[in-house]
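Report on one structure; see the data block that follows.
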Amino acid sequence: MLRLRAVCPFSWRAFQFRSCSCKPLITEMIKCTDEGQIFDLIQKSKAVLSEKQVECAFNILWQFQKQKTSFLKNVECVRDHPQFITLHNLATSQTEFMNDDTLVNVLYLTQQRATETHDLLVEALVTEAWRRLERFDINMLSKFSFCLANQHLYFSPLMGKIADIVHRKLETIEDLSFVKLFVALGPMAGPEEKEQLKSTILLMSEELTSQQALAVMGAMEEMESRNSHLNKKIASILHKHLDNYKPIELLKITRALVFLHFQNKELFVKLRELLHSYLKISVIPSEISILVYALSILPSPYLDEVEISRIEAVLPQCDLTDLNSFATSVLRWIHYDRTYLDNTTGKQLKLLQKLDHYGLQRLQKCTNLNLLWEELKSLKGDWFAESLLEETVATLHRLMDEINYKNVAEIASFLSRTNYLSTLLLDRIASVVLQQTEKIHPFAILPIILPFSILNYDPPQSDEFFGICVRHLNSYLSVLDPLMLVFLGFSLATLEYFPEDLLQAIFNIKFLAKMDSQLELLCSSLSMRVQLRLMELNRAVCLECPEYQIPWFHDRFCQQQYNKDTGSVNGAQQQIYKMLAEVLGGVNYVKASVLTPYYHKIDFECILDKRKKPLPYGSNNIALGKLPEMHWESNTQITGSTLPPGAERIALEFLDSRAFCRNIPHLKGKSAMKKRHLEILGYRVIQIPHFEWNSMALSTKEARMDYLRECIFGEGKS
Numbered sequence: 150m151l152r153l154r155a156v157c158p159f160s161w162r163a164f165q166f167r168s169c170s171c172k173p174l175i176t177e178m179i180k181c182t183d184e185g186q187i188f189d190l191i192q193k194s195k196a197v198l199s200e201k202q203v204e205c206a207f208n209i210l211w212q213f214q215k216q217k218t219s220f221l222k223n224v225e226c227v228r229d230h231p232q233f234i235t236l237h238n239l240a241t242s243q244t245e246f247m248n249d250d251t252l253v254n255v256l257y258l259t260q261q262r263a264t265e266t267h268d269l270l271v272e273a274l275v276t277e278a279w280r281r282l283e284r285f286d287i288n289m290l291s292k293f294s295f296c297l298a299n300q301h302l303y304f305s306p307l308m309g310k311i312a313d314i315v316h317r318k319l320e321t322i323e324d325l326s327f328v329k330l331f332v333a334l335g336p337m338a339g340p341e342e343k344e345q346l347k348s349t350i351l352l353m354s355e356e357l358t359s360q361q362a363l364a365v366m367g368a369m370e371e372m373e374s375r376n377s378h379l380n381k382k383i384a385s386i387l388h389k390h391l392d393n394y395k396p397i398e399l400l401k402i403t404r405a406l407v408f409l410h411f412q413n414k415e416l417f418v419k420l421r422e423l424l425h426s427y428l429k430i431s432v433i434p435s436e437i438s439i440l441v442y443a444l445s446i447l448p449s450p451y452l453d454e455v456e457i458s459r460i461e462a463v464l465p466q467c468d469l470t471d472l473n474s475f476a477t478s479v480l481r482w483i484h485y486d487r488t489y490l491d492n493t494t495g496k497q498l499k500l501l502q503k504l505d506h507y508g509l510q511r512l513q514k515c516t517n518l519n520l521l522w523e524e525l526k527s528l529k530g531d532w533f534a535e536s537l538l539e540e541t542v543a544t545l546h547r548l549m550d551e552i553n554y555k556n557v558a559e560i561a562s563f564l565s566r567t568n569y570l571s572t573l574l575l576d577r578i579a580s581v582v583l584q585q586t587e588k589i590h591p592f593a594i595l596p597i598i599l600p601f602s603i604l605n606y607d608p609p610q611s612d613e614f615f616g617i618c619v620r621h622l623n624s625y626l627s628v629l630d631p632l633m634l635v636f637l638g639f640s641l642a643t644l645e646y647f648p649e650d651l652l653q654a655i656f657n658i659k660f661l662a663k664m665d666s667q668l669e670l671l672c673s674s675l676s677m678r679v680q681l682r683l684m685e686l687n688r689a690v691c692l693e694c695p696e697y698q699i700p701w702f703h704d705r706f707c708q709q710q711y712n713k714d715t716g717s718v719n720g721a722q723q724q725i726y727k728m729l730a731e732v733l734g735g736v737n738y739v740k741a742s743v744l745t746p747y748y749h750k751i752d753f754e755c756i757l758d759k760r761k762k763p764l765p766y767g768s769n770n771i772a773l774g775k776l777p778e779m780h781w782e783s784n785t786q787i788t789g790s791t792l793p794p795g796a797e798r799i800a801l802e803f804l805d806s807r808a809f810c811r812n813i814p815h816l817k818g819k820s821a822m823k824k825r826h827l828e829i830l831g832y833r834v835i836q837i838p839h840f841e842w843n844s845m846a847l848s849t850k851e852a853r854m855d856y857l858r859e860c861i862f863g864e865g866k867s
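Going letter by letter, the sequence shown gives residues 150 to 867 in the working numbering.
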């Protein structure tokens with residue numbers, strides 16, 4: 150998320166207030182028939198353009214944009230045009246002089262042009278709007294909140310401020326101007342605010358238009374609404390307008406109703422009828438994929454032969470996004486048939502094979518990396534991972550020379566998401582960063598570093614690469630979002646990189662207080678993820694950089710988390726536990742589910758004396774699957790003093806597929822860091838990879854027993 154700059158007045162004024170009328174130039178702009186004419190006017194008039202004229206130029210460019218068939222390609226052409234850059238810079242310098250309406254409108258229009266959330270104009274507009282929040286009316290707050298929601302700033306301090314203003318004004322709202330506020334604030338509102346928002350909507354629900362009802366339903370889905378009265382009311386309004394919705398809107402309605410477990414057979418029947426009727430006449434691939442996806446998530450999904458034929462007919466025209474949507478739907482049908490009907494048809498499997506064929510064909514024919522990325526960025530699911538991932542990486546290898554400062558963060562994000570280790574692509578990413586650092590926005594550094602951290606890979610010139618990344622961020626440490634700093638610090642720590650300036654920026658009272666206040670605004674899952682990352686970073690610094698003298702302050706948090714541990718174990722761990730007991734001489738010689746100082750949890754522990762004989766734990770040993778207990782004093786870093794002379798403490802860890810990269814048996818970053826930490830704590834660490842334990846070579850009990858003996862004692866058969 151974006152961390153906004155501190156609010157301060159501009160120290161210079163590039164443009165003085167102009168009293169002359171701006172209408173003649175606006176009239177000329179309105180008469181323009183394409184982007185080129187607008188840009189010509191900007192070039193001729195850039196020295197005298199007012200903020201109203203800037204707003205008008207943005208507005209007309211957006212109107213032209215919406216008429217284009219190749220939306221994304223045109224966005225890039227316009228965005229890179231020299232006069233659009235001039236317009237962009239003019240708007241950036243004029244934010245202080247814009248009236249409230251112009252300010253928010255320019256922000257809205259800028260976002261529609263697919264501008265990056267860390268764009269300087271967006272920052273300037275949002276910062277200026279923040280200064281004016283208290284004087285914004287509900288309409289203005291609604292539009293501004295909607296813009297922030299589009300930037301995924303649901304849980305920013307700014308949204309918290311807006312929520313506070315709305316809370317104070319809620320009782321005075323007498324119209325539906327706040328529907329956008331409901332949509333934007335719903336996900337991050339507290340329980341009391343959510344109920345107030347819902348109650349206000351319910352009093353005014355009769356006045357909702359079809360589009361407002363759709364927006365409210367989306368917000369209710371975000372909030373996981375359990376207000377049955379409001380759910381039924383909004384659903385009835387949707388039902389009344391159902392014939393007027395477009396296919397993409399029908400998908401949104403279907404998804405929300407299914408997610409909220411809404412029960413209304415009549416409504417679902419009408420939805421299914423509409424989706425089928427659209428599907429029988431539609432010829433647009435993206436629309437057909439939307440309709441098929443919506444049908445697949447309805448109760449009792451099915452397609453007839455005519456509809457399957459319609460899908461097959463449009464496959465050659467589909468991009469990867471559409472193909473992935475079709476595949477997800479088909480896999481859902483196959484799963485449904487197996488679960489309820491036990492009658493999976495050959496037609497579904499044949500359709501899946503055709504999807505594979507056209508997906509591979511599209512990748513092989515691709516010649517432009519940026520166009521490929523537009524199709525890749527939203528792909529997820531089993532079909533893509535199993536059928537297209539290898540060919541996608543091969544295509545990225547082929548187009549690798551097109552990776553540059555504009556798209557390097559996107560390609561890095563793709564590798565992080567897929568867990569695919571491609572040293573060629575990671576080396577190229579590092580090379581681009583080293584060569585074009587100054588052109589890369591500092592906020593892009595985290596996604597760039599992330600795949601190296603997750604996949605546990607050091608590129609050539611790794612010290613120079615990580616060093617230049619950190620130096621590029623140093624001047625922004627005070628304005629970066631606290632969450633981003635925590636994730637960045639943890640990612641670098643995974644790579645054994647501990648920049649002192651960054652750590653001092655995180656581990657100080659002022660920063661932690663700021664982060665605490667922000668955590669209160671986050672949903673519980675994200676809040677917990679941030680707290681876990683901060684704990685893991687704190688642990689890494691204490692163990693690997695004691696010279697920084699950063700205190701360990703997560704004992705209480707860790708105890709709370711591990712008290713919730715259910716102690717579940719998988720089949721392989723149960724097998725290993727039983728065999729370890731046999732190998733070591735009994736259950737008293739192996740300890741399961743052990744918590745170390747700093748709260749690393751390990752699967753099994755045993756102790757060998759100086760003659761490599763197992764030492765028993767005694768009657769307080771813990772059974773497999775029970776809650777772990779601390780058996781060392783917290784914060785103990787060296788274990789030698791707790792053992793007999795010459796003895797060693799051994800940690801045995803079973804590593805499932807999550808510990809390794811998707812394509813090769815290469816240990817990922819978190820598992821490698823845990824091994825380092827256990828060794829610092831005095832353990833000899835034995836890692837048992839799932840692909841070894843489940844291999845043909847270890848298919849018998851005797852072979853597995855020998856494997857464990859070799860790991861522990863360095864010997865085979867006894």
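Backbone N, C-alpha and C fix where the C-beta goes; we use that ideal spot for every residue, glycine too.
- When the alpha-carbon of Lys761 is set against those of Glu797, Gln212, Phe639, the nearest one is in Glu797.
- Under DSSP, the beta-bridge partners assigned to Phe809 are Leu816.
- DSSP places Arg705 within a helical segment (H, G or I) once states are collapsed to three.
- Considering only Ile751, Ile175, Tyr832, the residue with the shortest C-alpha distance to Thr791 is Tyr832.
- Note on geometry: alpha-carbon atoms of Lys503 and Ser426 lie some 25 Å from one another.
- Taking C-beta atoms as the reference points, Gln232 and Phe188 count as a pair closer than 7 Å.
- Its Cα nearest to that of Leu651, the residue Leu595 stands out among Leu675, Leu671, Leu595.
- Within 10 angstroms of the beta-carbon of Asn380 lie 16 or more other beta-carbons, which makes it buried.
- Looking at the backbone, the Cα of Glu685 and that of Ser565 are separated by about 19 Å.
- The way I'd put it, the segment 549 to 561 does touch the segment 580 to 594; three or more beta-carbon pairs between them come closer than 8 Å.
- With fewer than 16 neighbouring CB atoms inside 10 Å of its own CB, Val455 falls in the exposed class.
- Using a Cβ-Cβ distance cut-off of 8 Å, the segment 399 to 408 and the segment 361 to 374 are in contact, since at least three pairs of beta carbons, one from each stretch, lie closer than that value.
- Using a Cβ distance threshold of 7 Å, Glu524 and Leu469 count as a contacting pair.
- The DSSP-derived three-state label of Lys347 is helix.
- Counting only runs of 4+ residues, the alpha helix (DSSP H) found wholly inside the segment 491 to 566 occupies 495 to 514, 518 to 525, 538 to 547, in chain order.
- Taking C-beta separations shorter than 7 Å and ignoring five residues to either side along the sequence, the partners of Asn556 in its chain run Leu518, Asn519, Trp522, following chain order.
- Glu277 carries a helical assignment under DSSP once its states are collapsed to helix, strand and coil.
- Put simply, the backbone Cα of Glu373 is about 15 Å away from that of Lys401.
- Per DSSP, the beta bridge partners of Glu802 are Gln836.
- Judged by DSSP in its simplified three-state form, Phe753 adopts strand.
- In the DSSP assignment, Pro763 is bridged to Leu757.
- Below 8 Å, too few C-beta pairs join the segment 654 to 668 and the segment 598 to 613 to call them touching: fewer than three.
- For the pair Cys467 and Pro434, the Cα-to-Cα distance works out to about 6 Å.
- Residues of the same chain with a CB within less than 6 Å of the CB of Phe293, apart from the 5 flanking positions on each side, are Val253, Ala278 in chain order.
- In the DSSP assignment, Glu797 forms a beta bridge with Leu757.
- Ser474 sits in a helix when the DSSP states are folded into three classes.
- The alpha helix (DSSP H) runs of length 4 or more contained entirely in the segment 369 to 443 are, from start to end of the chain, 377 to 390, 396 to 408, 414 to 430.
- DSSP, read as helix, strand or coil, puts Glu356 in helix.
- For Gly735, the three-state secondary structure derived from DSSP is coil.
- Going by beta carbons, Val834 and Ala808 fall outside the 7 Å limit.
- Under the three-state reduction of DSSP output, Tyr726 falls in the helix class.
- Counting along the chain, Lys292 sits inside the alpha helix (DSSP H) bounded by residues 287 to 299.
- In this structure Leu464 is not in contact with Asp531, their Cβ atoms being roughly 19 Å apart against a cut-off of 8 Å.
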